[in-house]
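Structure first, then comments.
Number of protein chains: 4
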Amino acid sequence: MYISTKEIQVTYGDTDMMGIIYHANYLRWFEMGRTQLIEEVGYSYPEMEKAGFCSPVLKVEITFKKPVRYGDRVFVRTWVEENHGLRTTYGYEVVNGKDELCALGSTQHIVVRKDNFKPIRFLNYFPEWFRKYEEIKKK
Amino acid sequence: MYISTKEIQVTYGDTDMMGIIYHANYLRWFEMGRTQLIEEVGYSYPEMEKAGFCSPVLKVEITFKKPVRYGDRVFVRTWVEENHGLRTTYGYEVVNGKDELCALGSTQHIVVRKDNFKPIRFLNYFPEWFRKYEEIKKK
Amino acid sequence: MYISTKEIQVTYGDTDMMGIIYHANYLRWFEMGRTQLIEEVGYSYPEMEKAGFCSPVLKVEITFKKPVRYGDRVFVRTWVEENHGLRTTYGYEVVNGKDELCALGSTQHIVVRKDNFKPIRFLNYFPEWFRKYEEIKKK
Amino acid sequence: MYISTKEIQVTYGDTDMMGIIYHANYLRWFEMGRTQLIEEVGYSYPEMEKAGFCSPVLKVEITFKKPVRYGDRVFVRTWVEENHGLRTTYGYEVVNGKDELCALGSTQHIVVRKDNFKPIRFLNYFPEWFRKYEEIKKK
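Each protein sequence line maps, in turn, to chains B, V, H and L. Quick note: the first sequence uses this note's numbering, first residue 18, plus one each step. Quick note: the second sequence uses this note's numbering, first residue 18, plus one each step. Quick note: the third sequence uses this note's numbering, first residue 18, plus one each step. Quick note: the fourth sequence uses this note's numbering, first residue 18, plus one each step.
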């Protein structure tokens with residue numbers, strides 16, 4: 018199982034009046050972690066789009082364990098949780114600079130044609146990428 | 018079971034380059050729905066904050082059924098899914114102007130003191146609000 | 018001079034840890050005001066996009082006069098400040114529920130082809146819309 | 018004149034349906050550049066907040082020269098444009114990976130007490146920080 022670790026810059030605009038990071042921002046962090054994982058294993062989401070496909074989110078889950086505050090260092094760890102012919106699920110952990118777990122989550126994705134949003138089989142259209150995910154996924 | 022319906026204004030800034038609403042924005046819509054539900058049943062989140070408490074999110078789940086596009090009308094329907102002494106779960110549906118289901122979700126919340134983020138029992142500190150939720154919750 | 022008034026719903030996610038609305042959000046409010054002004058005078062930005070054009074921002078200016086807080090009512094007033102063959106400038110005022118001026122601003126736009134981002138003359142491609150702006154603009 | 022250069026990670030959520038970065042996001046990038054400049058010259062915005070002050074924005078200006086797209090590398094260069102006893106103005110340039118100028122801008126700030134939002138003189142309360150800005154500012 019391969020885990021990608023990405024440091025996130027926490028901005029002031031990400032905070033809310035509770036003094037913590039507003040919860041919706043974690044989904045942007047997951048996206049940043051996912052993008053880096055894809056690059057680290059040799060692929061590119063922008064290339065997928067140039068080829069005429071995109072990969073919308075089907076499902077998200079986040080469990081918040083500990084608030085993140087402005088000034089904290091934040092890291093997101095991303096891995097491939099499940100990999101099917103049609104759907105890919107990424108797993109995420111958000112930790113702070115003391116390596117305390119702040120949040121856990123997952124996002125499930127399909128691949129669709131950009132022009133009509135019809136789902137395609139990731140396995141058939143991107144077979145090498147799919148096999149790479151088989152190799153690095155959680156076991 | 019009481020369901021609050023709130024119309025959301027979809028803005029251009031909420032879209033992404035797939036031409037659909039970026040998924041993280043649904044969490045802001047859920048917040049808008051939740052706030053309106055609270056007001057409709059006679060309470061006020063800003064008043065809770067003035068009293069020294071706030072209500073962070075513990076858990077979120079969203080399942081996306083159909084993309085929302087710029088120019089679509091969007092409504093979020095919000096209800097109380099579960100109501101315990103310590104935790105409240107809200108349920109949400111996002112529908113478009115043709116009443117097609119676009120997303121389903123839930124958010125789970127606790128109530129904490131603003132100064133130290135220690136959880137308190139919603140039931141003990143806001144007993145009338147809690148009873149109102151008992152009355153309107155999903156059965 | 019025609020002024021469009023749009024009520025904005027202030028969300029918790031729009032606040033920052035100063036307890037006020039984060040400044041970048043005013044640009045989204047300006048967009049909401051601008052969209053409503055366009056609709057009120059009989060046109061539609063989504064229709065412009067369907068016709069193969071879009072209208073990126075060339076310049077923005079905002080002066081902040083008074084903080085907006087969560088729980089405040091907020092209104093944005095929008096008008097056409099200047100209207101040239103190539104560039105349109107909108108003016109904005111943000112006021113709170115006591116009609117106190119919270120911010121002033123402007124955004125300047127061009128119209129470009131969606132496929133290549135080449136500027137076109139608003140006057141030539143949308144002559145009626147242009148004339149409507151001549152009629153309602155600031156004098 | 019000291020110029021701080023910060024690389025920004027462009028995320029998918031920052032794009033809009035024109036396929037470019039939504040204009041309001043540049044203000045978050047300016048904030049990231051400003052924060053890094055402050056750190057590089059030996060100060061800390063989070064420390065200012067812990068001392069009971071914060072620094073709201075009075076005025077912003079942005080001129081957009083060239084769209085930024087998902088997949089582009091983006092750098093923001095930040096400097097102190099003006100430094101008065103009461104107001105500090107930062108200047109910004111956004112450039113892409115080919116060092117093409119994508120946007121120019123400025124933000125003007127005051128320092129206020131967090132509890133009552135009354136302005137204080139930056140010069141009197143943070144004299145060393147102020148002198149550092151005198152040293153590094155645009156001449």
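Quick reminder that beta carbons are idealized off the backbone N, C-alpha and C, glycines included. Every value quoted in this text rests on a predicted model; they were computed, and no experiment measured them.
(Q) Distance check for Q125 of chain H and T106 of chain B, CA to CA, integer angstroms please. (A) 42 Å
**Q.** Beta-carbon contacts of K76 of chain V that lie in its chain and below 6 Å, excluding the five residues immediately before and after
**A.** Q125
(Q) Could you check whether the Cβ of Q125 of chain L sits closer than 8 Å to any Cβ belonging to chain B? (A) no
(Q) Against chain H, does G30 of chain B count as a neighbour if the rule is that its beta carbon must be under 8 Å from one of theirs? (A) yes
Q.
Just to confirm my understanding: we take R90 of chain B, look at its own chain, exclude 5 residues before and 5 after, and list those with CB closer than 6 Å. What are they?
A. G114
(Q) Are there any heavy atoms of the ligand GDP lying less than 7 Å away from the beta-carbon of T124 of chain H, as far as the coordinates show? (A) Looking at this structure, you won't find the ligand GDP or any other ligand, since it has none at all.
Q: Taking G114 of chain V as the query, report the chain L residues whose CB atoms sit under 7 Å from its CB, ordered along the chain.
A: Simply none; closest approach about 18 Å.
Q) How is G50 of chain L classed by DSSP in three states: helix, strand or coil? A) helix
**Q.** P73 of chain V to A41 of chain B span [Cα, whole Å]
**A.** 12 Å
Q) Opposite W146 of chain V in the DSSP bridges: which residues? A) Looking at the DSSP assignment, W146 of chain V forms no beta bridge with any residue, so it has no partner.
**Q.** Bounding residues of the alpha helix (DSSP H) (the contiguous stretch that carries E64 of chain B)
**A.** 62 to 67
Q) If you drop the 5 nearest sequence neighbours on each side, which residues of the same chain put their C-beta closer than 6 Å to that of L54 of chain V? A) S21, T95
Q. If we ignore side chains and look at the alpha-carbon of each, how far apart do R86 of chain V and G102 of chain V end up?
A. 39 Å
(Q) Suppose contacts are defined by Cβ-Cβ distances below 8 Å. Is I25 of chain V in contact with W46 of chain V by that definition? (A) yes
Q: From the DSSP output, in three-state form, read off G122 of chain B for me.
A: strand
(Q) Residues in the same chain with beta-carbon distance under 8 Å from N141 of chain V, minus the five sequence neighbours each way, listed in chain order, please. (A) G102
(Q) With the cut-off set at 8 Å, would you say V93 of chain V and M49 of chain V are in Cβ contact? (A) yes
**Q.** Whole-number beta carbon distance between F70 of chain L and K174 of chain L, since they are thought to touch under 8 Å
**A.** Shown here, chain L extends from 18 to 156; a query on residue 174 of chain L therefore has no answer.
Q: Please state if the CB of K149 of chain L and the CB of M18 of chain L are separated by a distance shorter than 8 Å.
A: no
Q | Expected contact under 8 Å - CB spacing of W146 of chain L and Y60 of chain L to nearest Å | A | 5 Å
Q) The beta strand (DSSP E) with K76 of chain B in it runs from where to where? A) 74 to 81
Q.
Mapping the DSSP letters down to three states, classify R130 of chain B as helix, strand or coil.
A. strand
Q) Which residues share a DSSP beta bridge with I137 of chain V? A) V:V128
Q) Do S123 of chain H and E98 of chain H come within 8 Å of each other at the CB atom, strictly closer than that value? A) yes
Q) For C71 of chain H, which residues in chain L fall below 8 Å Cβ to Cβ? A) M35
Q: Select from B:D31, B:P144, B:N133 the residue whose C-alpha is nearest the C-alpha of P84 of chain B.
A: B:D31
Q) Taking C-alpha atoms, which residue in B:E110, B:P144, B:M34, B:E117 lies nearest to N100 of chain B? A) B:P144
Q: Might you give, ordered along the chain, the residues of its own chain that have their beta carbon closer than 7 Å to the beta carbon of A120 of chain V, omitting 5 neighbours on each side?
A: Y43, I79, T80, F81, K82, V111
Q: Could you check the C-alpha separation between Y29 of chain B and T52 of chain L for me, to the nearest Å?
A: 9 Å
Q: Just the chain V side, please: which residues come within less than 8 Å of M18 of chain H by C-beta, in chain order?
A: Near M18 of chain H there are no residues of chain V at all, since even the closest Cβ is about 25 Å away, more than 8 Å.
**Q.** Cα-Cα separation, V129 of chain H to V58 of chain H
**A.** 21 Å
Q.
Quick check on D33 of chain L: buried or exposed, where buried means 16 or more other Cβ atoms within 10 Å of its Cβ?
A. buried
Q: Establish whether the CB of L54 of chain L and some CB of chain H are separated by less than 8 Å.
A: no
Q. Would K67 of chain V be called buried (16 or more neighbouring beta carbons within 10 Å of its own) or exposed?
A. exposed
Q) Relative to the C-alpha of F139 of chain V, which residue among V:M65, V:V27, V:I37 is closest? A) V:M65
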